[in-house]
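Scroll down for the structure; my scribbles are underneath it.
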Amino acid sequence: MNEGKTILPYQLFFLLIQTQIGVSVVSLPHDVFNTAKGDGWISVLLTGVVVQCIIFMYIFLIQRFPNSSWKQICETLFGKIIGKFIVFLYIVYFLCLTSITLAKYALLLSAWMMPRTPSWVLLLLMLIIVFYIFTEKLETIAQFYVLTSVILLVYVGVNIYAWKEANLTFIFPIGKSGVPHILEGIIEVFPSFSGIELLLIFHIYIRAEKKEILKIATISNVCLTFFYTFITFTSLVFLSPEELKLVPEPVLYLVKSFSFKIIERPDLIFTSIWIVLVATTLTTFLYATKYLSLHLYKRGKPRFVTIFLLVVCYIAAISLRNTYTLQTVLDYFIYAVIVFMVVIPLISFLITFIFSKKEVEP
Numbered sequence: 100m101n102e103g104k105t106i107l108p109y110q111l112f113f114l115l116i117q118t119q120i121g122v123s124v125v126s127l128p129h130d131v132f133n134t135a136k137g138d139g140w141i142s143v144l145l146t147g148v149v150v151q152c153i154i155f156m157y158i159f160l161i162q163r164f165p166n167s168s169w170k171q172i173c174e175t176l177f178g179k180i181i182g183k184f185i186v187f188l189y190i191v192y193f194l195c196l197t198s199i200t201l202a203k204y205a206l207l208l209s210a211w212m213m214p215r216t217p218s219w220v221l222l223l224l225m226l227i228i229v230f231y232i233f234t235e236k237l238e239t240i241a242q243f244y245v246l247t248s249v250i251l252l253v254y255v256g257v258n259i260y261a262w263k264e265a266n267l268t269f270i271f272p273i274g275k276s277g278v279p280h281i282l283e284g285i286i287e288v289f290p291s292f293s294g295i296e297l298l299l300i301f302h303i304y305i306r307a308e309k310k311e312i313l314k315i316a317t318i319s320n321v322c323l324t325f326f327y328t329f330i331t332f333t334s335l336v337f338l339s340p341e342e343l344k345l346v347p348e349p350v351l352y353l354v355k356s357f358s359f360k361i362i363e364r365p366d367l368i369f370t371s372i373w374i375v376l377v378a379t380t381l382t383t384f385l386y387a388t389k390y391l392s393l394h395l396y397k398r399g400k401p402r403f404v405t406i407f408l409l410v411v412c413y414i415a416a417i418s419l420r421n422t423y424t425l426q427t428v429l430d431y432f433i434y435a436v437i438v439f440m441v442v443i444p445l446i447s448f449l450i451t452f453i454f455s456k457k458e459v460e461p
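The sequence shown begins at 100 in our numbering and counts up by one.
Structure, rendered in structure tokens:
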């Protein structure tokens with residue numbers, strides 16, 4: 100899978116955006132409201148600030164190891180045995196992330212669009228789509244993401260339209276939930292930013308200087324933060340606190356409340372568009388899993404690894420088809436996201452900084 104410097108800077112922007120905006124975008128306002136109430140939009144903004152600090156940390160590591168893969172970086176910093184074990188944990192992490200995203204997609208689609216279609220059919224159809232995309236080269240996948248990013252404008256347009264019925268009193272007084280709850284809300288928002296880890300994994304394939312990578316990653320994070328904040332803020336001023344407690348997917352509920360003369364069920368069209376975002380997220384996570392697997396097990400055959408990963412994700416997603424089971428897993432998986440997005444890279448950063456570790460010249 101060594102493709103050389105294949106990703107252009109603008110493609111990196113869309114790769115990050117399309118990966119991070121996935122299944123959680125429709126439920127984010129509800130999730131953060133449960134903790135931070137009407138100040139949930141502040142939690143989203145603060146999460147963006149935290150993620151920006153993480154990006155700075157990633158770029159520092161990339162600058163010290165410009166031509167090393169994530170596996171090589173881990174082996175240099177922790178030794179071969181521990182380094183390989185960390186890479187293996189990342190493989191498991193991305194597999195779990197893919198399976199959870201897939202399971203959540205099936206539950207939401209069953210609830211909002213296809214209640215009589217068996218979950219195993221929905222999962223199978225999605226994996227067929229993902230298989231068709233992620234077997235391509237990374238450059239081709241990034242180009243596809245550039246084309247499909249136009250659908251994000253639909254999200255923005257829908258939320259702008261909702262402002263005609265906005266009630267700003269729902270969020271006043273600002274700060275009423277208290278600083279502890281606002282900070283706790285950051286933990287709820289964090290999984291929605293998962294995917295930024297790809298900077299560490301795919302940095303050797305980006306055709307740009309490290310400063311330009313930092314610039315693109317920062318721009319994508321700013322855009323994503325304001326996108327999430329806008330959607331969350333709109334849901335908070337459109338739905339009353341009592342309604343937000345009862346609606347797990349406020350973004351879809353918001354669209355369903357609209358009525359047009361030409362379109363009777365705009366929520367069905369919106370859900371169909373949302374499926375594309377889920378597919379791009381799943382594709383990137385699976386590609387990262389495949390990439391790490393082939394680097395860890397160099398004798399592995401790409402086709403066999405691809406089929407194996409799809410089967411594992413399919414089985415895991417089916418086992419999570421119960422709403423209660425999935426929510427229980429999500430409650431614990433939040434901490435796994437923090438570990439792999441923050442803790443492990445932070446330890447790597449500290450080892451690199453304290454012991455002046457850097458890439459060994461060949």
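C-beta: ideal position from N, C-alpha, C; glycine also.
How about residue i and residue j: do their beta carbons lie closer than 8 Å?
i: Gly139; j: Pro128; result: yes
i: Tyr192; j: Thr379; result: no
i: Leu221; j: Met213; result: yes
i: Ile190; j: Leu395; result: yes
i: Ser392; j: Val404; result: yes
i: Val288; j: Val143; result: yes
i: Leu196; j: Phe384; result: yes
i: Ser198; j: Ala415; result: yes
i: Ser334; j: Leu343; result: yes
i: Ile450; j: His302; result: no
i: Leu367; j: Lys389; result: no
i: Thr234; j: Val375; result: no
i: Phe177; j: Phe448; result: no
i: Leu194; j: Tyr413; result: no
i: Val125; j: Glu311; result: no
i: Lys203; j: Leu381; result: no
i: Pro165; j: Lys309; result: yes
So, for residue i: in the same chain, excluding its five sequence neighbours on each side, which residues have a beta-carbon less than 6 Å away from its beta-carbon?
i: Phe332; result: Trp140
i: Ile315; result: Pro108, Leu111 and Phe112
i: Thr324; result: Gly147
i: Leu145; result: Ile285
i: Ser276; result: Ala135, Lys136 and Asp138
i: Gly294; result: Thr118 and Gln119
i: Leu114; result: Ala241 and Tyr244
i: Glu238; result: Thr105
i: Trp211; result: Leu351 and Thr370
i: Phe132; result: Gly139 and Leu343
CB-CB under 7 Å to residue i, same chain, minus the five flanking residues each way: which ones, in chain order?
i: Pro461; result: Model confidence at Pro461 stands at a pLDDT of 49, short of 50, so the residue's coordinates are unreliable and nothing is read from them.
i: Asn101; result: In this predicted model, Asn101 has a pLDDT of only 45, less than 50, meaning its place in the structure is not dependable enough to derive any value.
i: Phe452; result: none
i: Phe474; result: In the structure as shown, the chain begins at 100 and stops at 461. Residue 474 is therefore absent and cannot be evaluated.
i: Ile541; result: Any question about residue 541 goes unanswered here, given that the chain covers just 100 to 461.
i: Leu201; result: Leu222, Met225, Leu381, Cys412 and Ala416
i: Ile228; result: Ala378
Specify, as a first and last residue, the run of the alpha helix (DSSP H) that residue i falls within.
i: Thr380; result: Pro365 to Leu395
i: Phe271; result: Segment: none, Phe271 is in no alpha helix (DSSP H) and carries neither H nor E.
i: Arg402; result: Pro401 to Ser418
i: Pro279; result: Val278 to Val288
i: Leu425; result: Thr422 to Ile437
i: Gln127; result: With the sequence shown as reference, residue 127 is identified as Leu, and Gln is not the correct amino acid for it. Residues Leu127 to Ala135.
i: Arg163; result: Gly139 to Arg163
i: Phe448; result: Ile443 to Ile453
i: Leu338; result: No alpha helix (DSSP H) holds Leu338; DSSP gives it neither H nor E.
i: Ser168; result: Per DSSP, Ser168 belongs to no alpha helix (DSSP H) and is neither H nor E.
i: Ser293; result: Element bounds for Ser293: n/a, residue is neither H nor E.
i: Met225; result: Ser218 to Phe233
i: Glu348; result: First-last for Glu348: undefined, no H or E at that position.
i: Phe464; result: Lying before the first or after the last residue shown, residue 464 is absent from the chain, which here runs from 100 to 461.
i: Val122; result: No alpha helix (DSSP H) contains Val122, which DSSP labels as neither H nor E.
Name the one or two DSSP bridge partners that residue i has.
i: Ile106; result: Ile305
Could you pull out every residue in the same chain whose Cβ sits closer than 8 Å to the Cβ of residue i, ignoring the five residues on either side in sequence?
i: Lys183; result: Lys170, Cys173, Glu174 and Leu395
i: Phe329; result: Val255 and Asn258
i: Ile181; result: Cys173
i: Phe187; result: Leu395
i: Lys456; result: Arg163, Thr175, Leu176 and Ile450
i: His280; result: Thr134, Ala135, Lys136 and Asp138
i: Ser209; result: Thr216, Ser218 and Leu221
i: Ile362; result: Ile368
Assuming residue i contacts residue j under a Cβ cut-off of 8 Å, what Cβ separation, rounded to an integer in Å, is found between them?
i: Thr317; j: Gln151; result: 7 Å
i: Ile417; j: Ser218; result: 7 Å
i: Val377; j: Val122; result: 5 Å
i: Met440; j: Glu296; result: 6 Å
i: Leu298; j: Tyr386; result: Leu298 to Tyr386, Cβ: 14 Å. No contact.
i: Ile185; j: Ile443; result: 6 Å
i: Phe269; j: Pro340; result: 6 Å
i: Ile116; j: Ser291; result: With 8 Å as the limit, Ile116 and Ser291 do not qualify as a contact, their Cβ atoms being about 12 Å apart.
Say yes only if the C-beta of residue i is nearer than 7 Å to one or more non-hydrogen atoms of the ligand ATP, and no if none qualify.
i: Arg364; result: You won't find the ligand ATP in this model; it holds no ligand whatsoever.
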